[in-house]
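A.B. asks: Structure below; questions to follow.
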Amino acid sequence: MQAFPKSRLLRFVEQASHLARRAVARYSSKFSKRRYTLHQHIVLLCLKVRKNTTYRTLLDELIEMPRIRSAIGLEELPSPSTLCKAFNRLNMAVWRVLLNLSVTVLPTNGVVGIDASGFDRSHASKHYTKRAKLTIQQLKVTLLVDTRSNAILDVHVTTTRKHDSQIAPSLIKRNAGEVDILLGDKGYDDQKVRALARETDVRPLIKHREFSSLHKAWNARLDADLYRQRTQNETVNSRLKRKYGAFVYSRHWWKQFREVVVGCLTHNLDKAL
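In this text, residue positions in the sequence shown follow numbering that gives the first Met the number 0: the first is 0, and each later residue adds one.
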């Protein structure tokens with residue numbers, strides 16, 4: 000009998016399962032019921048984001064996916080509430096470890112762009128968002144994107160209107176060993192950001208706001224070909240929203256932050272294929 004080749008979906012599941020085994024133990028504690036593993040939960044949660052669907056629809060489709068179930072050793076399908084509770088238990092630290100591991104399976108070149116975008120906090124009506132007191136309608140999501148493979152190295156999420164120049168330092172410090180050149184637009188024009196980058200051996204290629212002829216001269220001397228690669232950030236931001244949705248569906252901010260990080264992880268796993 001002819002063996003069918005592996006689909007992209009199956010390879011995605013195998014890659015996600017491999018990273019999950021590297022990141023976390025099989026069970027959350029010795030008192031676990033051991034009905035499902037943490038690895039299975041992580042893969043299913045990533046699969047839900049990749050298919051941009053609901054827990055219930057995902058589990059319904061898995062009934063007809065024996066190769067996917069076999070790849071993660073899933074003999075019995077969990078209930079939607081089980082997956083929802085698993086997402087609540089898996090904290091941000093786990094997802095950040097997984098995001099860092101996902102970068103290692105992609106080719107990077109150290110030329111990294113930084114840029115921010117907005118994700119709507121609810122797809123519900125204006126009446127609901129007003130009643131739930133969601134005064135700020137969007138999350139501000141700042142991505143560090145490698146220009147070679149479009150890998151997302153890191154992500155910063157906030158519910159406030161914090162300025163770009165206040166967000167950049169934490170991202171630079173966390174990723175100093177992975178970034179050689181930092182590409183940023185005028186929103187990151189701050190001498191403290193440039194000084195911090197140089198202190199951590201990162202070359203800042205950030206446009207100046209043009210308040211004088213000197214600033215215009217500095218911008219004219221920028222390496223245009225290198226700086227042009229910053230547009231990769233816009234490509235990645237667009238891809239995240241088109242493939243995995245421009246909304247976050249959770250009501251609590253901490254779960255909304257996790258949704259964004261899982262989306263970035265899923266993006267990297269997809270790119271690795």
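We put the beta carbon where it would ideally sit given N, CA and C, even for glycine.
(1) Considering only DSSP beta bridges, list what Ser116 is partnered with.
(2) Taking Asp153 as part of the beta strand (DSSP E), name the residues at either end of that continuous run.
(3) Is the separation between the beta-carbon of Arg120 and that of Leu138 shorter than 7 Å?
(4) How about the stretch 209-220 and the stretch 81-91: do they share at least three Cβ pairs that are nearer than 8 Å?
(5) Using CA atoms only, rank isn't needed, just tell me which of Lys185, Asp145, Thr158, Asn267 is closest to Gly109.
(6) Take Lys161 and list the residues in its own chain whose beta-carbon comes closer than 8 Å to its own, dropping the five residues that flank it on each side.
(7) Can you tell me which of the three DSSP states Met0 falls into?
(8) Straight-line CA distance for Gln228 to Gln39?
(9) On the DSSP bridge assignment, give the partners of Ile62 in chain order.
(10) Among Ile180, Leu213, Cys45, which has the Cα closest to the Cα of Arg197?
(11) My output table needs one value for Asp224: the three-state DSSP class, helix, strand or coil.
(12) Spatial neighbours of Val93 within its chain, please: C-beta separation below 7 Å, excluding the five flanking residues on both sides.
(13) Is Arg55 helix, strand or coil when you go by DSSP?
(14) Within the continuous beta strand (DSSP E) that includes Leu97, where are the two ends?
(15) Contact check, Leu239 vs His214 under 8 Å by CB: the rounded distance?
(16) Which residue wins for smallest C-alpha separation from His251, given the options Arg49, Thr157, Tyr35?
(17) Could you name each continuous beta strand (DSSP E) segment of 3 residues or more that falls completely within the stretch 154-220, going from the start of the chain to the end?
(18) State whether the stretch 56-71 contacts the stretch 25-35, with contact taken as three or more CB pairs (one from each stretch) at a distance under 8 Å.
(19) To the nearest angstrom, how far is the alpha carbon of Thr107 from that of Asp269?
(20) Measure from the alpha carbon of Val259 to the alpha carbon of each residue in Gly117, Arg7, Thr56, Glu74, then state which is nearest.
C.D. replies: Taking the definition as stated:
(1) Val140
(2) 151-157
(3) yes
(4) no
(5) Asp145
(6) Lys139
(7) Reliability fails at Met0, whose pLDDT of 49 lies under 50, so the model's placement of it is uncertain and no value is given.
(8) 37 Å
(9) BP columns for Ile62 are empty, so no partner.
(10) Ile180
(11) helix
(12) Ala22, Val23
(13) helix
(14) That residue, Leu97, is in no beta strand (DSSP E); its alpha helix (DSSP H) goes 91-102.
(15) Incorrect: roughly 32 Å between the Cβ atoms, too far for contact.
(16) Thr157
(17) 180-183, 202-205
(18) no
(19) 15 Å
(20) Gly117
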